[in-house]
Amino acid sequence: MPDTRDPRGNPGAAGGNTGFPPPPTGGGTGPYGGQQAGPYDGQPAGQYGGQQTGQYGGHPGGPYGGQPGGPYPGPYPGQQAGPYGTPPPFQPQPLPRMDPLAIVALVMSFLVGLTPIALVLGIVALVRISRSGQRGKGQAVAAVAISSAVVLLATVGLTVAALSEPERGEDGRVDEATSASVFDIRKGDCFNGRAAGRIDDADGRQSELRVGLVPCDEPHDGEAYATFDIEGHSSFPGMEEVQKIADDRCMKLVSGYMMDTWSYADDVDVAYYHPESTSWARGDREVLCFLSSSGDRLEGSLRQDGTTLTDEQTAYLEAVKPLYDVQLATPEAEPEDDLTANTEWAARAAKAQADAVRDLKADDWSPEAGKQVTELVAELEKGLPGWQGAGRATTADDFYLSYGTAYDHSGQKQAQKVREALDLATDMEDAPAL
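Start counting the sequence shown at 625; every next residue gets the next number (my numbering).
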């Protein structure tokens, strides 16, 4: 610890019995001739003649020459003294302001849809910072770099996607055979593929990633008729559940593409491509429904909807479609095993038949078709009470009794005559609904 005592020391006061007489009051000579009085009462003069009151000459009382009296120099004029006469602590200058545009550009560069704007803002921020001297150059440079990379990747991706898309005519169909991803298949496309929608029973995985798109008038393995996304599952629901969903939905959607259900060939099957666990993890949720053949390859389009049918044909098929949909949902259990399932189904059939009667009456028909439609409506109205009674049945016997009335007045013979008038399929063998 440094010595903080007075550096001048203190020789102490003379006193005691020295054997010498005390000096005269007011100062006199010291023990040696010519010596002056010391600075304190009773202190002898300095040891050498001519010495002033301080220990060293040249100042009025301080230890060093020219010092005003204290041990350290005082503060400069206008400066406040510190605790020991030192200057106050150093005060740093404030940093330049951050350019807000640089921050905005950096944040927007992480938002994919706004990266082009972030790129422009980052460049503007760099120009402003070079002129103003504000901070934020690092953020602006990062924004420009990130945005440029995202824009470049997006451009490359779009270019690759555009080059991989099959060429289509004005009607949206391919005019010549071409290779395509299964994800490029659209409704109405005809294609060839090894798997043709069939599932490998060993692991449930689909083997098809690419197919050959061909014009539908050429022989082909499949014809796409609908797509939909699986919803309501945050994680992969399992292959069995995926296939159940695909089966149910694809069967219901087929009548919207092949509206004339009487024209279905025996060897035409409903098939589909669906997500599996690995593609689900990448965001795949789409099911592609298509028609395939268990016999000879398909040739010609199976499409029968508003794009290929006349107005009267479309009106008739749309009116009777609810009856076909109800027939698809026929319960597997017999009424004596599950009466509730059968009565609920009969109630839906009653509503579908009532809706069909209403729509058939509402449409305008040509004279020939109109006559046949009137006869069909009359027959359906006779069968309607049977469906309604089956829906209210409390026993299996009651159900069968009412169902028999509905079955006897199904209207298939009258529907055949309507179809003849409208130039639709007329083969009644195994024909569903009307």
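Yeah, the Cβ is synthetic: ideal placement off N, Cα and C, and Gly gets one too.
If we call anything under 8 Å between Cβ atoms a contact, is Leu933 one with Val806?
With contacts defined by Cβ atoms closer than 8 Å, Leu933 and Val806 do not form a contacting pair.
Please say whether Ala850 and Lys811 have beta carbons closer to each other than 8 Å?
Contact flag set, yes.
Going straight from the alpha carbon of Ala953 to that of Leu1025, what length do you get?
In a straight line, the C-alpha of Ala953 is about 21 Å away from that of Leu1025.
Apart from the five residues on each side of it in sequence, which residues of its chain come closer than 6 Å, Cβ to Cβ, to Arg982?
Nothing listed; no residue qualifies.
Drop a sphere of 10 angstroms on the beta-carbon of His857, count the other beta-carbons inside from all chains shown, and report buried for 16 or more, exposed for fewer.
Result: exposed.
Using beta-carbon positions only, say whether Thr802 and Leu833 come within less than 8 Å of one another.
No, these two residues do not count as a Cβ contact at 8 Å.
Going by Cα to Cα distance, which pick from Lys876, Ala905, Trp886, Ser887 is closest to Pro861?
Ranking the options by Cα distance to Pro861, first place goes to Ala905.
What separation, rounded to the nearest whole angstrom, lies between the Cα atoms of Ala769 and Leu743?
About 8 Å.
Using the three-state DSSP reduction, which class does Phe807 fall into: helix, strand or coil?
Residue state, collapsed to three classes: helix.
Looking at the strands, I want to know which residues DSSP matches up with Tyr896.
Beta-bridge pairing links Tyr896 to Cys913.
Do Arg759 and Leu730 have their C-beta atoms within less than 8 Å of each other?
Going by C-beta atoms, Arg759 is not nearer than 8 Å to Leu730.
Contacting residues, own chain, Cβ-Cβ under 8 Å from Leu877 (five flanking each side not counted):
If we look at Leu877 and ignore the five residues flanking it on each side, its Cβ neighbours are Tyr849, Ala850, Phe852, Cys913.
Give every residue of the same chain whose Cβ lies closer than 6 Å to the Cβ of Asp891, excluding the five residues on either side of it in the sequence, and list them in chain order.
Correct list, in chain order: Ser917, Ser918, Gly919.
Pro843 burial status per 10 Å Cβ neighbour count (16 or more: buried):
By the neighbour-count rule (16 or more Cβ atoms within 10 Å), Pro843 is not buried but exposed.
Roughly how many whole angstroms lie between the Cα atoms of Leu1058 and Ile809?
Taking the CA atoms as reference points, Leu1058 sits about 32 Å from Ile809.
Are Ala965 and Gly1015 closer than 8 Å when you measure CB to CB?
With contacts defined by Cβ atoms closer than 8 Å, Ala965 and Gly1015 do not form a contacting pair.
As assigned by DSSP and simplified to three states, the class of Ala1039:
Shown here, Ala1039 sits in a helix according to DSSP, grouped into three states.
Please check the pair Ala767 and Leu745, which I expect to be a contact at CB under 8 Å, by giving their CB distance rounded to whole angstroms.
The C-beta separation of Ala767 from Leu745 comes to about 7 Å, placing the pair in contact by the 8 Å criterion.
Note down the Cα distance separating Trp989 from Glu1003, rounded to an integer number of angstroms.
If you take the alpha carbons of Trp989 and Glu1003, they lie about 18 Å apart.
Residue from Ala974, Glu936, Gln951 with nearest C-alpha to Asp987
Out of Ala974, Glu936, Gln951, Glu936 has the C-alpha closest to the C-alpha of Asp987.
What are the start and end residues of each continuous beta strand (DSSP E) run of 3 or more residues lying completely inside the region 988-1021, in chain order?
Assignment of beta strand (DSSP E) within the region 988-1021, counting only whole runs of 3 or more residues, yields no such run.
With the cut-off set at 8 Å, would you say Tyr1030 and Glu960 are in Cβ contact?
Rather than Tyr, the amino acid found at residue 1030 in this sequence is Ala. For Ala1030 and Glu960, no; Cβs fall outside 8 Å.
Tell me, which residues are paired with Asp853 by DSSP?
DSSP output for Asp853 lists Glu910 as bridge partner(s).
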